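Enquirer:
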Amino acid sequence: MPATVEVPVACVLDVAKDDKAGETVGAAVMTAAVAAARRMAQPGDTVLLAPAGASFDQFTGYADRGEAFATAVRAVIR
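The structure is reproduced here in C-alpha coordinates:
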(Lines of atoms letter the chains of each structure in order from A and count residues from 1; the text may use other names and numbers.)
(Lines give C-alpha, C1' and ligand atoms only; values in the text may rest on other atoms or scores of the structure.)
Protein backbone atom coordinates (compact mmCIF):
# COMPACT_ATOMS: atom_id res chain seq x y z
CA MET A 1 0.00 0.00 0.00
CA PRO A 2 1.46 3.42 -0.94
CA ALA A 3 2.39 5.82 1.82
CA THR A 4 0.29 8.94 2.16
CA VAL A 5 2.25 12.16 2.19
CA GLU A 6 0.76 15.46 3.23
CA VAL A 7 1.91 18.08 0.76
CA PRO A 8 1.86 21.72 1.91
CA VAL A 9 0.31 24.09 -0.60
CA ALA A 10 1.34 27.74 -0.81
CA CYS A 11 -1.58 29.83 -2.03
CA VAL A 12 -0.85 33.42 -2.94
CA LEU A 13 -3.79 35.64 -3.81
CA ASP A 14 -4.63 39.32 -4.02
CA VAL A 15 -1.12 40.63 -4.66
CA ALA A 16 -2.42 43.40 -6.91
CA LYS A 17 -4.54 45.98 -5.14
CA ASP A 18 -5.87 47.39 -8.42
CA ASP A 19 -7.19 45.97 -11.69
CA LYS A 20 -3.91 46.54 -13.56
CA ALA A 21 -2.73 43.02 -14.37
CA GLY A 22 0.45 42.46 -16.28
CA GLU A 23 3.97 41.13 -16.06
CA THR A 24 4.72 43.16 -12.95
CA VAL A 25 1.75 41.65 -11.13
CA GLY A 26 2.69 38.16 -12.36
CA ALA A 27 6.27 38.59 -11.17
CA ALA A 28 5.02 39.84 -7.79
CA VAL A 29 2.71 36.82 -7.43
CA MET A 30 5.52 34.43 -8.34
CA THR A 31 7.95 36.12 -5.95
CA ALA A 32 5.39 35.86 -3.13
CA ALA A 33 4.69 32.19 -3.97
CA VAL A 34 8.39 31.30 -3.96
CA ALA A 35 8.90 33.17 -0.67
CA ALA A 36 6.00 31.21 0.88
CA ALA A 37 7.42 27.94 -0.43
CA ARG A 38 10.82 28.81 1.01
CA ARG A 39 9.31 29.42 4.45
CA MET A 40 7.47 26.08 4.31
CA ALA A 41 10.22 23.91 2.80
CA GLN A 42 12.47 21.73 4.93
CA PRO A 43 16.02 20.71 3.96
CA GLY A 44 15.80 18.06 1.25
CA ASP A 45 12.32 19.12 0.07
CA THR A 46 11.55 19.83 -3.58
CA VAL A 47 9.52 22.89 -4.56
CA LEU A 48 7.44 22.33 -7.69
CA LEU A 49 5.57 24.90 -9.76
CA ALA A 50 2.17 23.32 -10.41
CA PRO A 51 -0.34 26.00 -11.44
CA ALA A 52 -4.01 25.09 -11.15
CA GLY A 53 -4.99 26.97 -14.29
CA ALA A 54 -3.98 29.36 -17.01
CA SER A 55 -2.52 32.71 -16.02
CA PHE A 56 -2.79 34.70 -19.24
CA ASP A 57 -3.95 37.67 -17.17
CA GLN A 58 -0.49 37.73 -15.54
CA PHE A 59 1.92 36.14 -18.03
CA THR A 60 2.22 35.94 -21.80
CA GLY A 61 2.22 32.13 -21.67
CA TYR A 62 3.52 29.06 -19.88
CA ALA A 63 7.15 29.81 -20.80
CA ASP A 64 6.88 33.33 -19.35
CA ARG A 65 5.36 31.92 -16.16
CA GLY A 66 8.11 29.30 -15.92
CA GLU A 67 10.81 31.93 -16.42
CA ALA A 68 9.26 34.07 -13.66
CA PHE A 69 9.39 31.02 -11.36
CA ALA A 70 13.03 30.32 -12.25
CA THR A 71 13.95 33.99 -11.74
CA ALA A 72 12.24 34.07 -8.32
CA VAL A 73 13.98 30.85 -7.26
CA ARG A 74 17.39 32.09 -8.41
CA ALA A 75 16.88 35.27 -6.35
CA VAL A 76 16.11 33.18 -3.25
CA ILE A 77 19.05 30.77 -3.51
CA ARG A 78 21.75 33.40 -3.98
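Convert by adding 560 to the 1-based position in the sequence shown; the result is the number in my numbering.
The C-beta atom is built at its ideal place from N, Cα and C for all residues, glycine as well.
Values in this document were obtained by computation on a predicted structure and should not be read as measured data.
1. DSSP on R638, reduced to helix/strand/coil?
2. What number of angstroms, rounded off, separates the C-alpha of G626 from the C-alpha of R634?
3. Check the C-beta distance from A632 over to T606 and give it rounded, since I have them as a contact under 8 Å.
4. In whole angstroms, what is the alpha-carbon distance linking A595 and S615?
Expert: Put simply:
1. For the purposes of this step, residue 638 is taken as the residue at position 78 of the sequence shown. Coil.
2. For the purposes of this step, residue 626 is taken as residue 66 along the sequence shown, with counting starting at 1. For the purposes of this step, residue 634 is taken as residue 74 along the sequence shown, with counting starting at 1. Computed Cα separation, rounded: 12 Å.
3. Working through the sequence shown from its first residue, we reach residue 632 at position 72. Working through the sequence shown from its first residue, we reach residue 606 at position 46. Actually they are not in contact, since the Cβ atoms of A632 and T606 sit about 16 Å apart, beyond 8 Å.
4. Looking up residue 595 in the sequence shown gives position 35. Looking up residue 615 in the sequence shown gives position 55. Between A595 and S615, the C-alpha separation is close to 19 Å.
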